[in-house]
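Peer 1: My questions will all concern the structure given below.
4 protein chains.
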Amino acid sequence: MFFASDNWAGAHPAINERLSKESTRFASAYGSSDLDKSIELRFNEIFEREVAVFFVATGTAANSLSLASIARAGGLTFCHSEAHIIEDECGAPDFFSGMRMVAVEGPDGKMLPENLVSRIARYPQDAIHHGRAAAISMTQATEAGTVYTLEEIDAIAKIAKDNGLPLHMDGARFANALMALGCTPAEMTWKRGVDVLSFGGTKNGCWCAEAIVFFDPQLAKDFAFLRKRTAQLFSKSRFIAAQFDAYLKDDLWLSLAGHANEMANRLRAGFGSLNSARLAWPTQANEVFAILPKPSAKAAQEKGARFYDWLEPRDMPEKVAGDEALIRMVTSFATTEEDVDQFLAICASA
Amino acid sequence: MFFASDNWAGAHPAINERLSKESTRFASAYGSSDLDKSIELRFNEIFEREVAVFFVATGTAANSLSLASIARAGGLTFCHSEAHIIEDECGAPDFFSGMRMVAVEGPDGKMLPENLVSRIARYPQDAIHHGRAAAISMTQATEAGTVYTLEEIDAIAKIAKDNGLPLHMDGARFANALMALGCTPAEMTWKRGVDVLSFGGTKNGCWCAEAIVFFDPQLAKDFAFLRKRTAQLFSKSRFIAAQFDAYLKDDLWLSLAGHANEMANRLRAGFGSLNSARLAWPTQANEVFAILPKPSAKAAQEKGARFYDWLEPRDMPEKVAGDEALIRMVTSFATTEEDVDQFLAICASA
Amino acid sequence: MFFASDNWAGAHPAINERLSKESTRFASAYGSSDLDKSIELRFNEIFEREVAVFFVATGTAANSLSLASIARAGGLTFCHSEAHIIEDECGAPDFFSGMRMVAVEGPDGKMLPENLVSRIARYPQDAIHHGRAAAISMTQATEAGTVYTLEEIDAIAKIAKDNGLPLHMDGARFANALMALGCTPAEMTWKRGVDVLSFGGTKNGCWCAEAIVFFDPQLAKDFAFLRKRTAQLFSKSRFIAAQFDAYLKDDLWLSLAGHANEMANRLRAGFGSLNSARLAWPTQANEVFAILPKPSAKAAQEKGARFYDWLEPRDMPEKVAGDEALIRMVTSFATTEEDVDQFLAICASA
Amino acid sequence: MFFASDNWAGAHPAINERLSKESTRFASAYGSSDLDKSIELRFNEIFEREVAVFFVATGTAANSLSLASIARAGGLTFCHSEAHIIEDECGAPDFFSGMRMVAVEGPDGKMLPENLVSRIARYPQDAIHHGRAAAISMTQATEAGTVYTLEEIDAIAKIAKDNGLPLHMDGARFANALMALGCTPAEMTWKRGVDVLSFGGTKNGCWCAEAIVFFDPQLAKDFAFLRKRTAQLFSKSRFIAAQFDAYLKDDLWLSLAGHANEMANRLRAGFGSLNSARLAWPTQANEVFAILPKPSAKAAQEKGARFYDWLEPRDMPEKVAGDEALIRMVTSFATTEEDVDQFLAICASA
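Protein chains in written order, with the UniProt record's numbering: chain R, 1 to 350; chain L, 1 to 350; chain H, 1 to 350; chain Z, 1 to 350.
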């Protein structure tokens, strides 16, 4: 009953097997091997266009270097107030990009377009003192486990375009969002106006596989230097490539994310049918946020369930009573139906 | 015949097997798992004292964050003119630490103590304009494949102590140096006066396993923040721990390095007995630098051998004739006697 | 009728005269002259204790370097949401200190203690992902022209102390606040718990005279390097010292600020008696914020008055009607009664 | 007898008078006043083309921000081994630009073209590990008091052009160099291929007047943000403009530099005729480096002369005997013939 985070899971057997195979041979280092090159081409197929792809060590690195690659002097990046880049990466995006992150409010983890517009308006291109708008970053799926619809992405992308700002997507849970929307990778990104993507594999079955995808390869012209200067260039880079090789083969990544979403849906349904609990907001990918009596939460933990009490967002206090807990449950490729059902049974009986 | 670099090798089977085993279970993230903790304790044993250990993604990160952890405002770090931190890390040490790297000359890749003393003297603690001496970094084994003797480390450490400077050791090839000297890890480090160590596993049989070891845990008090802020904290950190688990078990790391050194020695002996070639300088760990006729080098490459033409250090021109090549050969745990002998045979016959 | 900002004024004759006198002699550079030293001692007298004082070029530098001197890795600085350091310095505080600025809300430009407490609670000392609380910065007088009372400073200082955080005061309008409270410099700073002060002279009659005052000289031990590394050490530093010499002599600085406050009060009283206008919030130092019909504002501008339309703070919309303007008027040592009265007459008649 | 540095002098009466006049009026802040604008136009005249001009607080800021404006990710700036940017600015150029400074050797404070070529060749545009060549910075007049001839500037500029590198000139003593060469500002800069200039006024009669001149205004498009983000934008910027107003009027700047050079020449001639002393290298601007018996140097200091013992450059030891001192004497607009002659008399008699 490990629902603390999808990064508590191990690695999928197919990925593990591919790593084993890779370990027995020699190959050139620092991303120059044939395998590295072939995986880069695979991304072209997946995104149905020429892209520039770079592997990095962590999701924080993917976000921070994405922003560094589109930074402007004195620039500001707009993101949701609960976005990883502003609240969970210890200032790495600021340090790598030299930009400040500006919070935009909106319900369910999504920036509200009108809030985004009004925030951007405070920082015009000649605002030397305030700093100038320089980028927008959206998280898909969001930190709240919700997913921007294609129309919602369009709305954000239009604001980006109207203001001449590049659009970054933090796709730490990209595959989960894709499965939720049932669209193609291209449809969820560059066809909508996304310029740079943090493409995460770690939370979805790899042990360490993060990439940055530039939909306009020109944007990436300085990237090799930015990556090396931030100590993110692996010498045995091909072991990242090997993970992606298995991950992307035969749509493994999509089926893993589909399973995780399904398990979240099972949790959601279960909590929805409990009298003693309710959902905090919609479940759309692989995260479920529920409000339940504190004793239930405690009982579940004592019986071995792992999940996090959630820091209440700013608009939450009225929703959660003093004797209630708001908890986050995250599912992954490794979550089983048995785990879900056992967990629900405990909550129901507590 | 892959002698280009030890990072062209794959991963050792025992390490690979340990990774496979780790992949099947759940565990808490970001370095908080039991496995992470137990490996940290293993480092205490290996170094015969309480140390603080942190995993990072790359050797460049290990060096750059080591320096960041001991940085002073307006500080300068002294290192050999061919050190990785000054010539091969694209400014990452400067960026992460805010310090400038200052080159110290010396033969065979080692800082000459008198040169170090005179360089430091130019930057006293009140030198606001020049900047002030803040750290010394030595590479063991060196970029030239040589190894500082214990007495030579003592000499550098004394200079560090006399000037109140912390001493960093770049141990990307730490195990190779250890086997060359035949001493214990403690004897090569803190017993001599080393304060912080970049402990490399990647070049010696892991696919990605680098650690920073603080011999005074107090030095590490801010380190968790420095690491996160530079995007170097793995979510599935325990996969690094798993590699180190196998790496350190039953002295695997030492036997792998011993093998690599032996293969280098076999190369060295072979080149020493060729009339047409000679060694550029002593071989003490797992790198061999030889000068041979350009046609020989070319013939070897055409027959599949991989190695690098070496950028001649400043004092080399007089040593290498116009029709000669200075080449670097690096051996690893995966180098075989057959590879070495075949390579030597080609060079002999060309 | 120049009410746009107190930095539109020139320099006071006494300061100008002192600069002239200084220009005729030789003296040692970079802050080492006798004059520099004697002014440093003057600050000891003014603050009734030993302090460390450093001159810098701009108020932004004073704030940014103050924060740099008390920064922690992965640290966060808490300040009011309208503070200069978060909204008007183009990220200089972030760049120099490596910290992120976190906005705390509160009416009239002052942080509300309960908001400050709850914001700090989100960033405990082991919050590696979120970042950790590292400093509090308060502005005195505030950006809204209000002044924290001694009791209000005590409340902020207590929060700082309870959380082990250093307390910075942005005193760009320090003298105006002092005259508003009628207390001593010591009483408004270190006796309350302020650790570092940006002491501004530029807005109050100097042409360029900003200093950082450390109430614990130990805090300043690295400062000379921080200042030089950010290009803020003047070679002819004594010309800053000369300005402060005249500024501090015979309480000139206090009488200049007193005059500015008086002029603001005259404006305030005038607006208070107009039927067509009202004050947006209290006037306590040398800034007046008034709401008046847009035609009145326009008429005043056409007749030569200079002031800024104010970007409405977040809680303002309900206060200002669509046909009204919220304007900021700033007075200085150079503002005359005639200017004030003429301006009020125009507003009254429009 | 103040020969320690030209920054020990005060300010010229005409500049002082212009400052006084400026102090009595109101004007808009942050560089937007009419005076600021008119001085910017004056620079167009002086350089015979449209330029973009920005005032900053210090020479270190001028250099560091010049480099920041032309920086590339992972970039290296090549400069003489004794250049201010590498040895005397405490890492500010590295911090502001994110680049590393690479030392190029050459006699008399000038980069030797062949050395520059060979250093650049080590850092090609795809050198991700080493970093890539990104800029060249030359100092005119040099730190050794010598002046690059127009042909020597051409040689450096050609190397810059051949390698696609922007060329920066550190003109802290620009006017002195100009008078030494007897050419126009245009001829010494953009007509030779200089892209960005640190234009210094402080050492030549202002108390604080430094500017950055971009010969291609396009290069400056982000500069306003770079300057604000480094806390270098003066609120009362017009007081810098006022200094330049007097400085540039009726060629005052040229006559002041001419006088300083003449005084240096008088010193040079005097030392040349002493049996007991000799010049260390040629005197071409306003700095004289002489070798004299230590007792003479000491006697002069005891009689009130001020100058610096010079840190011997690397190729000096053979030139200076154990009982000799290498001293630097700098002249300025404020140096008198009497001072020079008195000083020479003391040295002659000691």
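Ideal Cβ placement from N, Cα and C applies to all residues, glycine included. On a predicted model such as this, the values are computed, not experimentally measured, just so you know.
#1: Count the other CB atoms within 10 Å of the CB of H/Pro282; is the residue buried (16 or more) or exposed (fewer)?
#2: Against chain H, does L/Gly75 count as a neighbour if the rule is that its beta carbon must be under 9 Å from one of theirs?
#3: Please confirm if R/Gly106 has its CB atom under 9 Å from at least one CB of chain H.
#4: Can you grab the Cα-Cα spacing for the pair Z/Ala172 / H/Tyr308, in whole Å?
#5: I want to verify the contact list: residues of chain L whose CB lies under 8 Å from the CB of Z/His80, in sequence order.
#6: I want to see whether chain L comes within less than 9 Å of R/Pro13, judged by CB atoms only; does it?
#7: When you compare the CB of H/Gly31 with every CB in chain Z, is at least one pair closer than 9 Å?
#8: Mapping DSSP to helix, strand and coil, what is L/Tyr308?
#9: Nearest to Z/Asp216 by alpha carbon, out of Z/Pro166, Z/Lys203, Z/Ile327, Z/Ser349?
#10: Indicate the three-state DSSP secondary structure (helix, strand or coil) for H/Arg314 in the structure shown.
#11: For R/Asp179, which residues of its own chain have a beta-carbon under 7 Å away from its beta-carbon, when the five flanking residues on both sides are left out?
#12: What residues are listed by DSSP as bridge partners for L/Cys79?
#13: Using DSSP bridges, identify the partner residues of L/Thr139.
#14: H/Ala186 lies in the alpha helix (DSSP H); which residues open and close that run?
#15: I believe R/Ile70 touches R/Asp195 by the beta-carbon criterion, under 8 Å. Please report the beta-carbon distance rounded to the nearest angstrom.
#16: Counting contacts by CB-CB distance shorter than 9 Å, is Z/Leu267 in contact with chain B?
#17: Since Z/Ile46 contacts Z/Leu248 with CB under 8 Å, what's their CB separation in whole angstroms?
#18: Pull up the distance between the alpha-carbon of R/Ala103 and that of R/Phe78, whole angstroms please.
#19: Along the beta strand (DSSP E) that carries R/Ser198, what are the first and last residues, could you check?
#20: Under 8 Å by Cβ, that's how I've got R/Ala246 and R/Ala14 pegged, so tell me the actual separation to the nearest angstrom.
#21: What does the Cβ neighbour count give for R/Gln176, buried or exposed, with the cut at 16 atoms within 10 Å?
#22: Using the three-state DSSP reduction, which class does R/Phe225 fall into: helix, strand or coil?
#23: With distance defined between alpha-carbon atoms, name the residue in L/Trp207, L/Gln218, L/Gly270, L/Phe225 nearest to L/Phe239.
#24: Any idea what DSSP makes of H/Arg278, helix, strand or coil?
#25: Which value, in whole angstroms, describes the spacing of the CA atoms of R/Leu252 and R/Glu22?
#26: Quick one: is R/Ser5 near chain L, going by C-beta distance under 9 Å?
#27: Specify the secondary structure class of R/Phe95 as computed by DSSP and reduced to three states.
#28: Ends of the alpha helix (DSSP H) at R/Leu150?
#29: Going along the chain, which residues of its own chain have a beta-carbon closer than 6 Å to the beta-carbon of H/Ala241, five neighbours each way excluded?
#30: Mind checking who residue 418 of chain H pairs with in its DSSP beta bridge?
#31: Under 9 Å Cβ-Cβ, which residues of chain Z neighbour H/Trp310?
#32: Would L/Ala11 and R/Lys158 qualify as a contact pair, given that the criterion is a beta-carbon distance under 9 Å?
#33: Anything in the region 136-149 of chain R with a Cβ closer than 8 Å to a Cβ of chain L? List those residues in chain order, please.
#34: Could you tell me which residues DSSP puts in a beta bridge with H/Val53?
#35: Could you check whether the Cβ of R/Cys90 sits closer than 9 Å to any Cβ belonging to chain H?
#36: Hey, is R/His129's beta-carbon within less than 9 Å of any beta-carbon in chain Z?
Peer 2: The structure says:
#1: An exposed status is given to H/Pro282, since fewer than 16 other beta-carbon atoms sit within 10 Å of its beta-carbon.
#2: Taking a beta-carbon distance threshold of 9 Å, L/Gly75 counts as an interface residue toward chain H.
#3: Not one beta carbon of chain H lies nearer than 9 Å to the beta carbon of R/Gly106.
#4: Approximately 38 Å between the Cα atoms of the pair.
#5: Close partners of Z/His80 in chain L (Cβ separation under 8 Å) are lacking, with about 15 Å as the shortest Cβ gap.
#6: Judged by the 9 Å Cβ criterion, R/Pro13 is in contact with chain L.
#7: Chain Z contact via Cβ: absent.
#8: In this structure, L/Tyr308 counts as strand in the three-state DSSP scheme.
#9: Just measuring C-alpha positions, the residue of Z/Pro166, Z/Lys203, Z/Ile327, Z/Ser349 sitting nearest Z/Asp216 is Z/Pro166.
#10: Caution is warranted here: a pLDDT of 49 is assigned to H/Arg314, below 50, making its placement in the model unreliable, and no coordinate value can be reported.
#11: The question names Asp, but residue 179 of chain R is Met in the sequence shown. Spatial neighbours of R/Met179 in its own chain (CB-CB distance under 7 Å, excluding positions within 5 residues in sequence) are listed in chain order as Leu254, Ala257, Gly258, Asn261.
#12: Paired residues: L/Ala103.
#13: According to DSSP, L/Thr139 bridges with L/Asp170.
#14: Element bounds for H/Ala186: 185-188.
#15: For R/Ile70 against R/Asp195, the beta-carbon gap comes to about 7 Å, under 8 Å, which counts as contact.
#16: No chain B is part of this structure, whose protein chains are labelled R, L, H and Z.
#17: Z/Ile46 to Z/Leu248, Cβ: 7 Å. Contact.
#18: Take the alpha-carbon of R/Ala103 and the one of R/Phe78: they are about 6 Å apart.
#19: In this chain, the beta strand (DSSP E) harbouring R/Ser198 covers 196-200.
#20: Contact between R/Ala246 and R/Ala14 holds: CB atoms are separated by about 5 Å, below the 8 Å threshold.
#21: Residue 176 of chain R is actually Asn in this sequence, not Gln. Counting C-beta atoms within 10 angstroms of its own C-beta, R/Asn176 has 16 or more neighbours from the protein chains shown and is therefore classed as buried.
#22: The answer is helix: DSSP assigns R/Phe225 an H, G or I state.
#23: Of L/Trp207, L/Gln218, L/Gly270, L/Phe225, the residue nearest in Cα terms is L/Trp207.
#24: The answer is strand: DSSP assigns H/Arg278 an E or B state.
#25: So the alpha carbons of these two residues sit roughly 18 Å apart.
#26: Contacts with chain L at 9 Å (Cβ-Cβ) include R/Ser5.
#27: In the three-state scheme derived from DSSP, where H, G and I count as helix and E and B as strand, R/Phe95 is classed as helix.
#28: Unbroken alpha helix (DSSP H) run through R/Leu150: 150-162.
#29: For H/Ala241, where only same-chain residues beyond five positions count, the Cβ hits under 6 Å are Leu35, Asp36, Ile39.
#30: Since the first and last residues shown for chain H are 1 and 350, residue 418 of chain H lies out of range.
#31: Near H/Trp310 there are no residues of chain Z at all, since even the closest Cβ is about 16 Å away, more than 9 Å.
#32: No, the Cβ-Cβ distance between L/Ala11 and R/Lys158 is not below 9 Å.
#33: Going along the region 136-149 of chain R in chain order, one finds no residue with a Cβ nearer than 8 Å to chain L.
#34: Answer is H/Val213, bridged to H/Val53.
#35: True, the Cβ-Cβ gap to chain H drops below 9 Å.
#36: Output row for R/His129: interface = yes.
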